[in-house]
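When the letters of the sequence shown are read in order and numbered with the numbering used here, they come out as residues 137 to 257. Working notes for the structure below.
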Amino acid sequence: MRFTFPYEFASGYDSFLAKTPSAYQIEALSDSILWTLNEENLQPFYKHTEAGNKMGRILSEKLYINKCKRLTSLLTESPEERYTHLMSEQPRFIQLIPLKYIASYIGIIPQALSRIRRRIY
137 MRFTFPYEFA
147 SGYDSFLAKT
157 PSAYQIEALS
167 DSILWTLNEE
177 NLQPFYKHTE
187 AGNKMGRILS
197 EKLYINKCKR
207 LTSLLTESPE
217 ERYTHLMSEQ
227 PRFIQLIPLK
237 YIASYIGIIP
247 QALSRIRRRI
257 Y
């Protein structure tokens, strides 16, 4: 699970690269504009435009870094630390996300998140 916010890129990039169906889905929690892209459209964009090639590299690097940060967070931080980091990174938007999704994101059940929130506030 990952949250993206306005002007961020969301993707099932692993399944795109492997050319396999995704094991997960992308769900919009608010009004969104979505563009879809398949390999048939993307490869010529990469191949024939320098900007396309650069943009593809930058987006894939960002996705990789985000995935590494997420894994490191899950392995080294407590759920309370993950929650406080999420709150400090996106405080305005995090209020729009249902608590059950936040709990799932930080790897706990909603009741444990309620206890964390009581301790913090």
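We put the beta carbon where it would ideally sit given N, CA and C, even for glycine.
Outcome for residue i when other beta-carbon atoms lying within 10 angstroms are tallied against a minimum of 16
| i | result |
| --- | --- |
| Y219 | buried |
| I169 | exposed |
| A159 | exposed |
| Y257 | exposed |
| I252 | buried |
| I242 | buried |
| A239 | buried |
| I162 | exposed |
| I201 | exposed |
| L165 | exposed |
Beta carbon of residue i nearer than 7 Å to that of residue j
| i | j | result |
| --- | --- | --- |
| L199 | Y149 | yes |
| I233 | M223 | no |
| F145 | L195 | yes |
| P227 | L235 | no |
Residue i in three-state terms, based on DSSP
| i | result |
| --- | --- |
| F145 | coil |
| F152 | helix |
Closest by C-alpha distance to residue i, when choosing among the options
| i | options | result |
| --- | --- | --- |
| F152 | T172, T185, L210 and Y143 | T172 |
| D167 | Y143, L210 and K205 | Y143 |
| A154 | L165, N174 and A164 | N174 |
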